[in-house]
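What follows is a short report on a single structure.
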Amino acid sequence: MPPSADVASADVASADVASADSLHAEPKAATAKPRWPLWKKLALVGVVLVVAIALAVGLGVGLSNRNGGGDDDENNNDNGNNNGGGGGGGGGTGGGNSTSRESLWQPEAGASWQIVLIKPIEVPASGDVTPDVDAFDIDLFDNSDETFSRLREAGKKVICYFSAGSWEDWRDDKDDFGDDNLGKELDGWPGEKWVDVASDGVRNVMKKRIQLAANRGCDAIDPDNVDGFQNDNGLGLTKEDAVDFVKFLSETALQYNMSTGLKNAGSIIPDVLEDVHFSVNEQCVQFSECETFAPFIKDNKPVFHIEYPKDAPSVSSTASKRVCTPTGEAAGTDGFSTVIKKMNLDGWVEFCDGEKFNTTLDV
Numbered sequence: 002m003p004p005s006a007d008v009a010s011a012d013v014a015s016a017d018v019a020s021a022d023s024l025h026a027e028p029k030a031a032t033a034k035p036r037w038p039l040w041k042k043l044a045l046v047g048v049v050l051v052v053a054i055a056l057a058v059g060l061g062v063g064l065s066n067r068n069g070g071g072d073d074d075e076n077n078n079d080n081g082n083n084n085g086g087g088g089g090g091g092g093g094t095g096g097g098n099s100t101s102r103e104s105l106w107q108p109e110a111g112a113s114w115q116i117v118l119i120k121p122i123e124v125p126a127s128g129d130v131t132p133d134v135d136a137f138d139i140d141l142f143d144n145s146d147e148t149f150s151r152l153r154e155a156g157k158k159v160i161c162y163f164s165a166g167s168w169e170d171w172r173d174d175k176d177d178f179g180d181d182n183l184g185k186e187l188d189g190w191p192g193e194k195w196v197d198v199a200s201d202g203v204r205n206v207m208k209k210r211i212q213l214a215a216n217r218g219c220d221a222i223d224p225d226n227v228d229g230f231q232n233d234n235g236l237g238l239t240k241e242d243a244v245d246f247v248k249f250l251s252e253t254a255l256q257y258n259m260s261t262g263l264k265n266a267g268s269i270i271p272d273v274l275e276d277v278h279f280s281v282n283e284q285c286v287q288f289s290e291c292e293t294f295a296p297f298i299k300d301n302k303p304v305f306h307i308e309y310p311k312d313a314p315s316v317s318s319t320a321s322k323r324v325c326t327p328t329g330e331a332a333g334t335d336g337f338s339t340v341i342k343k344m345n346l347d348g349w350v351e352f353c354d355g356e357k358f359n360t361t362l363d364v
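Residues in the sequence shown are numbered from 2 upward in steps of one, following our numbering.
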């Protein structure tokens, strides 16, 4: 995870210099992308469901006639859900966890959350998962079907992370991208390249990934790397390409009653605010640009906000205060759903009330 390139979008008295330094990870260029390690190439064995034997002809006809009208929302939510994962990653087809979403999840500003991407998380059969938050943002491919179903049974909303704007050489569907759709390597992240988000080939892959998310029971998608136009991508990507791509992702997810988050990409917020349902932002305090994301709060949509202090998990109270007090560097963060995390996005998290938790990882 995640690009903070677009996020590059700050003087303290000498007595504060040490505490200010403790707030941030090592300085990065504007295009640096603090993301979960690329060595991770986990692949979980897929689970394929056997299609149920057809019912008796008379009953089947009656059932078909009943489903032909009536509950449009439920029918639309299930369209394509039993056609397999389509895209492919390490986590299986997800067909066994196809879930009808009777309504679109529109989280409200201030919703609580946790994000874990370095490894799959472990959810006990009791559903007693830590921390007790509204939503979990987890990797679409690496987590098991059991994890998705148990989170939902526990009343948690599931946000499914995948990279929409880059090719990753460890994904099972990597060969679905044409060579002509690949651009330059992401700076500092070998094995990952920008993709042409305007191409039909790339969009077909994303359609399959979104269908997989629906099959696995995701309530929302967290598509990363939609800000390629602000990076040296080698493809001539434009802001207009990014706007159109985000709208495409959202429209596709809506076919399954899933909501869509905007990952960083602050400069296109005015163009897509009506099309997305929340923001996932990284390091707006570090780059003093949190006010850019405040329109989400005005729209009563959450800003799921992450900061990566370099001394995490031993974050000083001064550093935490700088992240969590909506003044100075953090101006504009009032109402944000802020979490303090380590750069590798493991199970550790600290909230602005000072509470700290560790989500159990499935290792």
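Just so you know, even glycine gets a beta-carbon here, dropped at the ideal spot from N, CA and C. Keep in mind the model is a prediction, meaning the values are calculated, not measured.
Candidates 151, 157 and 311, of which the one nearest residue 126 by Cα: 151
Rounded separation between residue 311 and residue 280 - CA only: 23 angstroms
Residue 146 beta carbon less than 9 angstroms from that of residue 217: Cβ distance < 9 angstroms, so residue 217 and residue 146 count as in contact.
Which value, in whole angstroms, describes the spacing of the CA atoms of residue 86 and residue 323? Here residue 86 scores only 34 on pLDDT, less than 50, and its place in the model should not be relied on; the value that follows carries that caveat. Their backbone Cα atoms lie some 43 angstroms apart in a straight line.
Would you grab the beta carbon distance between residue 160 and residue 137 for me? Rounded to a whole angstrom, and I think it's under 8 angstroms. Rounded, the Cβ-Cβ distance is 7 angstroms, consistent with contact.
Rounded separation between residue 109 and residue 221 - CA only: So the two alpha carbons sit approximately 14 angstroms from each other.
On the premise that residue 294 lies in contact with residue 267, defined as a C-beta separation below 8 angstroms, what is that separation, rounded to the nearest angstrom? 6 angstroms
Can the beta-carbon of residue 296 be found closer than 9 angstroms to that of residue 343? Contact: no.
Distance, Cα to Cα, residue 239 vs residue 231? 8 angstroms
Going by alpha carbons, who is nearest to residue 203 out of 242, 285, 106 and 187? 242
Could you tell me the alpha carbon to alpha carbon distance between residue 259 and residue 237, rounded to whole angstroms? 30 angstroms
Measure the C-alpha to C-alpha separation of residue 233 and residue 348 and round it to an integer number of angstroms. 32 angstroms
Can you look up residue 177 in the DSSP assignment and give me helix, strand or coil? helix
Beta-carbon contacts of residue 167 that lie in its chain and below 8 angstroms, excluding the five residues immediately before and after: 187, 193, 194, 195, 196, 225, 226 and 229
According to DSSP, is residue 161 part of a helix, a strand, or is it coil? strand
Between residue 273 and residue 244, is the Cβ-Cβ spacing less than 9 angstroms? Judged by beta-carbon spacing, residue 244 lies within the 9 angstroms limit of residue 273, meaning their Cβ atoms are closer than that value.
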